[in-house]
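K.L.:
Structure provided below as structure tokens; questions to follow.
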Amino acid sequence: MRKCLKYNISAVIICCILGAIGIAYYRHCYLTSFVSKCEKCPRCRSGFVYFVPLKHSCYHFSSKNGTFLQGIAYCRNLMSDLVSIETKIESHCINYHLTGTNDLGLYWTSGVADFNRGNTRSFHWLSTGEAFTFTNWCPGQPDRWKENDFCILLITKCWNDVPCQGNYQFLCEYNLLFANFVTTNK
4 MRKCLKYNIS AVIICCILGA IGIAYYRHCY LTSFVSKCEK CPRCRSGFVY FVPLKHSCYH
64 FSSKNGTFLQ GIAYCRNLMS DLVSIETKIE SHCINYHLTG TNDLGLYWTS GVADFNRGNT
124 RSFHWLSTGE AFTFTNWCPG QPDRWKENDF CILLITKCWN DVPCQGNYQF LCEYNLLFAN
184 FVTTNK
């Protein structure tokens with residue numbers, strides 16, 4: 004057997020639905036001669052959900068509000084980081100989860116403008132240090148290139164650049180593979 008390099012969008016949608024209600028079964032996908040097989044996904048810590056295929060991450064949608072820096076501290080207290088939305092599939096799963104709630108979806112991400120790198124028109128994920136390779140900007144965004152307007156906010160289904168002093172909820176993420184490594188090697 005070999006790991007799947009591509010996945011079927013219908014399977015991903017099913018994964019999102021099952022994950023949103025807490026019974027996701029998409030952890031690893033393997034191809035045999037004609038059949039895809041999937042293992043049951045691992046359990047996240049209490050208060051976190053798992054629903055993104057192939058990323059091995061757990062997510063916490065906070066009901067608390069605060070600034071970007073308070074969000075970093077809040078997530079770190081939960082042994083996680085502000086979310087890095089790195090793929091279209093991840094974005095769809097997060098959006099699908101928010102669609103099933105009454106939540107307005109105003110969440111801090113770990114996205115920041117690259118002011119310290121001398122480039123005001125590019126962005127990176129603070130939690131990983133990686134430049135954006137996927138974006139999901141709201142129409143007309145990013146629109147502000149001021150020094151105090153360089154944190155990225157998830158607004159239900161798209162992103163907006165806003166001042167870091169705003170008061171929004173926190174979307175935290177941790178990687179199950181890394182969390183298991185840390186736990187087993189203490």
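Numbering (my numbering), first residue to last: 4 to 189. By construction, the Cβ of each residue, glycine as well, lies at the ideal position given by its N, Cα and C atoms.
Kindly provide the ranges of any beta strand (DSSP E) runs that are 3 or more residues long and lie completely inside the stretch 49 to 79, ordered along the chain.
P.N.:
Correct list: 60 to 69.
K.L.:
For Phe137, count the other beta carbons within 10 Å of its own beta carbon; 16 or more makes it buried, fewer makes it exposed. Which is it?
P.N.:
exposed
K.L.:
Under the DSSP definition of a beta bridge, which residues are partnered with Pro114?
P.N.:
First, the amino acid is wrong: residue 114 is Gly here, not Pro. Its beta-bridge partners are Trp128.
K.L.:
At the level of alpha carbons, what is the spacing between Ser49 and Asn163?
P.N.:
29 angstroms
K.L.:
Could you tell me the boundaries of the alpha helix (DSSP H) in which Asn178 lies?
P.N.:
Taken as a continuous stretch (DSSP letters only), Asn178 belongs to no alpha helix (DSSP H), being part of the beta strand (DSSP E) at Tyr171 to Asn178.
K.L.:
Less than 8 angstroms between the C-beta atoms of Glu176 and Ser66, yes or no?
P.N.:
Not in contact: Glu176 and Ser66 (Cβ atoms no closer than 8 angstroms).
K.L.:
Got a sec, what are the start and stop residues for the beta strand (DSSP E) Leu157 sits in?
P.N.:
Boundaries of the beta strand (DSSP E) harbouring Leu157: Cys154 to Ile158, taken from the DSSP string.
K.L.:
Whole angstroms is fine: what's the gap from Cys47's alpha carbon to Asp117's?
P.N.:
32 angstroms
K.L.:
For Val38, which residues of its own chain have a beta-carbon under 7 angstroms away from its beta-carbon, when the five flanking residues on both sides are left out?
P.N.:
In this predicted model, Val38 has a pLDDT of only 43, less than 50, meaning its place in the structure is not dependable enough to derive any value.
K.L.:
For Tyr29, which of helix, strand or coil comes out of DSSP?
P.N.:
Any reading at Tyr29 needs caution, since the residue's pLDDT is 43, under 50, leaving its predicted position unreliable; the model's value is listed next. In this structure, Tyr29 counts as coil in the three-state DSSP scheme.
K.L.:
For Phe153 versus Cys141, is the C-beta spacing smaller than 8 angstroms?
P.N.:
Not a contact, by the Cβ cut-off of 8 angstroms.
K.L.:
Residues in its own chain within less than 8 angstroms of Leu72 by CB, not counting five upstream and five downstream?
P.N.:
Cys167
K.L.:
Compute the Euclidean distance between the alpha carbons of Tyr62 and Leu85, then round it to the nearest angstrom.
P.N.:
9 angstroms
K.L.:
Under DSSP, the alpha helix (DSSP H) around Asn98 begins and ends at which residues?
P.N.:
Lys91 to Thr102
K.L.:
Taking the beta carbon of Thr104 as the centre, do at least 16 other beta carbons fall within 10 Å, making it buried, or is it exposed?
P.N.:
Answer is exposed; the Cβ neighbour count stays below 16.
K.L.:
So is Ser125 buried or exposed if we call it buried at 16+ other beta carbons inside 10 Å?
P.N.:
exposed
K.L.:
Would you list the one or two residues that DSSP bridges to Val86?
P.N.:
Partner(s): none; Val86 has no beta bridge.
K.L.:
Measuring only the C-alpha atoms, how far is Tyr29 from Phe181?
P.N.:
Here Tyr29 scores only 43 on pLDDT, less than 50, and its place in the model should not be relied on; the value that follows carries that caveat. Cα to Cα, Tyr29 sits roughly 18 angstroms from Phe181.
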